[in-house]
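Position 263, counted from 1, in the sequence shown is what the numbering used here calls 252; the numbers after and before it change by one each time, with no gaps. Below is one structure; the comments refer to it alone.
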Amino acid sequence: MKKISLTDIFMIDFCGSLFLAEVLHLALMFLGGSLREFALMFAGGLLLLVAITILVCTLWNRHYKKASDVATAADTGRKEALPHVFLLSFVALVLTQMTVILFGNHIHIQGDMTVEMVASFMHTDDVYQVNPMTGMAYAQGMPLRLQVLGLPTLYGFVCALTGLAPELVVWKLVPIVVLVFGYIAFGALAGAIFPEDKKKRNLFLLIVAILFYIEAGIGGMDGFGLLYGGWKGITIRNLILMPWLFSLMLRKKRLLALGVVAAEACICWTLYGMGWSVLIFVLMTAIDWVLTGKKRTPARRVERRTGKHGTS
């Protein structure tokens, strides 16, 4: 596996937090306990995860050196001293999107019970004990395929640790975090597509931000989810996990890509189906193997003609 970038470190910790929350959620659901106690475990586990990730990635990168690093260092003085128009425009758009999320009242909550669910968790200090629609105990229980998903519990952990109201956490704080990590993921994708051209990477991010604004007026599109439903599992999958997965597959970092598959399973699979991560992983791996095989075949033929038989 190649060098692990700072962007990858951020994304590893993000996916790790989803997986950690899911493990604690299942333990709380099947073994019982207090939501607030598990929230403290989540905080401790997250700090440990971040520390381990930084340590492991730092040690890994020390053993990984590319010859191109020397050339890159030598070429630094020849960069054009032009204003980063694309980057500044991108940052301006992102700030306006944050403003829409923080101060806008156009959230899309039709059929969504996340806030009510988190509030019931906080009230009972447990998960799935009270029906948020009635305020009473579940008569028949909640379907297991919905109970096993850990996002509402993750939001409950955040509420328990910060003391913030579920409405503020779910509708404001989480969408801001999703927006930031979404652009980090798209930044990783831009780096995989244009590894040597910073101007093209900045232009790529600017185009993505513009497209999100265009899509914001169309229900069901990613831009709509970004601005009006950033707490939903499908938004996290489409805007964070999928672009990072594509970037990992393009850079042939398949081990990290399996982590994306696990993260999607924690937030989406039993609600939206198996999802796209497995399909993308399998297809892009197969395509890479086919292309790699085609490149090796002519070389082997030449080797058989020249090296082994002594002919040219």
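Backbone N, C-alpha and C fix where the C-beta goes; we use that ideal spot for every residue, glycine too.
- Counting other Cβ atoms within 10 Å of its Cβ, N94 stays below 16 and is therefore classed as exposed.
- Burial state of L178 is buried, judged by a 10 Å Cβ sphere holding 16 or more other Cβ atoms.
- Straight-line spacing of the CA atoms in M273 and M238 works out to 7 Å.
- Here G282 is exposed: its Cβ has fewer than 16 other Cβ atoms, across all protein chains shown, within 10 Å.
- Under DSSP, A126 forms a beta bridge with V119.
- If you compare the alpha carbons of Q118, T42, I269, Q86 with that of P164, the shortest gap goes to Q86.
- Taking C-beta separations shorter than 7 Å and ignoring five residues to either side along the sequence, the partners of L216 in its chain run Q86, V89, I90, A205, following chain order.
- DSSP places A205 outside both helix and strand once states are collapsed to three, so it counts as coil.
- By the Cβ-count criterion, P141 is buried, with 16 or more other Cβ atoms from all chains shown falling within 10 Å of its own Cβ.
- Looking only at H97, A252, M122, S78, the smallest Cα-Cα distance to L195 is reached by S78.
- Nearest neighbour of M102 by Cα position, chosen from L192, N191, E156, turns out to be E156.
- Look at the beta carbons and you see the region 207 to 214 not touching the region 38 to 55: under three pairs across the two are nearer than 8 Å.
- A straight line joining the alpha-carbon of I276 with that of L20 spans about 43 Å.
- In the structure shown, the three-state DSSP call for D2 is helix.
- Between E11 and I256, the C-beta gap is smaller than 9 Å, which places the two residues in contact.
- When DSSP states are grouped into helix, strand and coil, C257 belongs to the coil group.
- Distances from the CA of Q99 to each of M231, L245, G214 were compared; the closest alpha carbon is that of G214.
- At the C-beta level, L228 and G171 come within 9 Å of one another.
- For S109, the enclosing alpha helix (DSSP H) has its first and last residue at 103 to 113.
- Rounded to the nearest whole angstrom, the C-alpha separation of L44 and I(-7) is 12 Å.
- One Cα belongs to M122, the other to V116, and the distance between them is close to 15 Å.
- By the Cβ neighbour-count rule, S6 is buried, with 16 or more other Cβ atoms within 10 Å of its own.
- Around the beta carbon of V74, a 10 Å sphere encloses fewer than 16 other beta carbons of the protein chains shown; the residue is thus reported as exposed.
- For the pair V167 and V107, the CB atoms are not nearer than the 9 Å cut-off.
- Contact between F193 and F183 holds: their C-beta atoms lie close to 7 Å from each other, under 8 Å.
- Cα atoms of F31 and Y144: separation of roughly 11 Å, rounded to the nearest angstrom.
- About 10 Å separates the beta carbon of F110 from that of A28, a gap too long to meet the 8 Å contact definition.
- Taken atom to atom, the span from the alpha-carbon of G219 to that of I96 is near 9 Å.
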